[in-house]
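Here is the structure we will look at, set down as structure tokens.
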Amino acid sequence: MNRFQNFKNGLLKDNPVFSLYLGICSTLAITTSVNNGLGMGVAVICVLIMSNVIISLVRNITPEEIRIPVYIVIIATLVKIIQMLIEAYAPALNTSLGVFIPLIVVNCIILGRAEAFASKHGVLDSALDGLGMGLGYTLAVTSMSLIREVLSTGMINLVNPFDETQVLFNIRILPDDYVISMFSSPVGAFVTFAILAALVSVYKNHAGQKVAAKEVK
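Below you can see the structure in the form of structure tokens.
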């Protein structure tokens with residue numbers, strides 16, 4: 509598989525949330541607003557790229573017996589750095605995401621890519637894999653956040669993460685009479701996730717059938 513194909517697969521075909529079903533806990537919890545989805549997505553992208561690159565660099569000098577603890581220490585250090593930066597420069601985002609920022613350490617996507625890809629490939633390939641998977645995760649959480657925020661509040665409200673008093677974008681999509689408050693609850697998160705995961709599965713099945721038909725011809 510070439511580099512571009514591997515990068516592209518992380519966006520949809522091997523999307524970490526809707527195809528590989530990784531990182532679902534944080535996805536269900538934080539996707540109440542587009543601000544949360546974008547903020548968590550950017551944080552995960554940064555950690556994925558940096559952890560993949562570092563683990564790729566040290567893979568040949570890391571003893572097999574302690575590779576997992578080494579990966580966890582690297583990931584935990586990077587997450588702490590990201591958390592401190594968010595606390596310092598994006599207090600509004602830090603307040604809304606809360607405990608889920610440090611919990612990136614135990615996000616299955618991060619350790620999964622470290623073990624499955626970065627530990628077996630070079631730096632450039634690992635960086636592209638981290639970017640592709642990170643963008644796939646961001647696409648997943650942002651799409652869920654957008655659907656849930658619109659259905660539960662009737663509007664999209666983007667706030668500057670560096671200044672919570674500054675509204676970047678605010679538009680009403682649905683009248684108040686048509687909002688469905690259920691989508692701000694855990695039930696709404698599960699329903700939204702199930703529908704989007706089903707749509708991705710339908711797309712993958714359709715694409716697989718097209719490839720199979722071409723091979724028959």
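Counting in the working numbering, the sequence shown runs from 509 upward without gaps. Glycine included, every Cβ here is placed at the ideal spot set by N, Cα and C. Keep in mind it's a predicted model, so treat the numbers as computed, not measured.
Check each candidate in R511, N523 and T540 and name the one with the smallest Cα separation from T661. T540
Just to confirm the assignment, what range does the alpha helix (DSSP H) spanning R511 have? R511 to N517
Within 7 Å, strictly: CB atoms of I538 and N544: yes
First and last residue of the uninterrupted alpha helix (DSSP H) at N665: Where N665 is concerned, there is no enclosing alpha helix (DSSP H), although the beta strand (DSSP E) it sits in stretches over M663 to V667.
Round the Cβ separation of I617 and Y645 to the nearest angstrom and send it over; I've been treating them as touching at under 8 Å. 6 Å
Close-in-space but distant-in-sequence residues of the same chain around V591 (CB under 7 Å, 5 per side omitted): Correcting the residue type first, residue 591 is Gln in the shown sequence and not Val. Counting only Cβ-Cβ distances below 7 Å, and skipping sequence neighbours, we find I609 and P610.
When the Cα of S693 is compared with those of G549, S559, S653 and V613, which residue comes out closest? S653
Please give the ranges of any alpha helix (DSSP H) in the region 584-668, keeping only runs that are unbroken, at least 4 residues long and fully inside the region. 599-605, 616-624 and 631-661
In DSSP terms, what F677 is bridged to: L666
Residue span of the alpha helix (DSSP H) that contains I553, given as start and end: V542 to V566
Extent of the continuous alpha helix (DSSP H) to which T535 belongs: I532 to I538
I583 and V613 - do their beta-carbons sit closer together than 7 Å? yes
Candidates M558, T603 and R511: which alpha carbon is nearest L669's? Strictly speaking, residue 669 in this sequence is Pro, with Leu absent from that position. The shortest Cα separation from P669 among M558, T603 and R511 belongs to T603.
Roughly how many angstroms separate the alpha carbons of T700 and P571, rounded to a whole number? 42 Å
Contact with chain B by V607, beta-carbon distance below 7 Å: Note that chain B does not occur in the displayed structure, where there is just one protein chain.
Could you tell me whether the Cβ atoms of I569 and Y579 are closer together than 7 Å? no
Is the separation between the beta-carbon of I557 and that of L643 shorter than 7 Å? no
Comparing C-alpha positions only, which one of R511, N678, T673 and L647 sits nearest to V658? N678
In three-state terms, what does DSSP make of E672? coil
Indicate the three-state DSSP secondary structure (helix, strand or coil) for P694 in the structure shown. helix
For S689 and A626, the rounded distance between their alpha carbons: 42 Å
Cutting at 8 Å between CB atoms, please list the residues of its own chain near A648, excluding the five before and the five after it. N523, P524, V525, F526, T535 and L704
Output the distance between the C-alpha atoms of L666 and F698, rounded to the nearest integer angstrom. 23 Å
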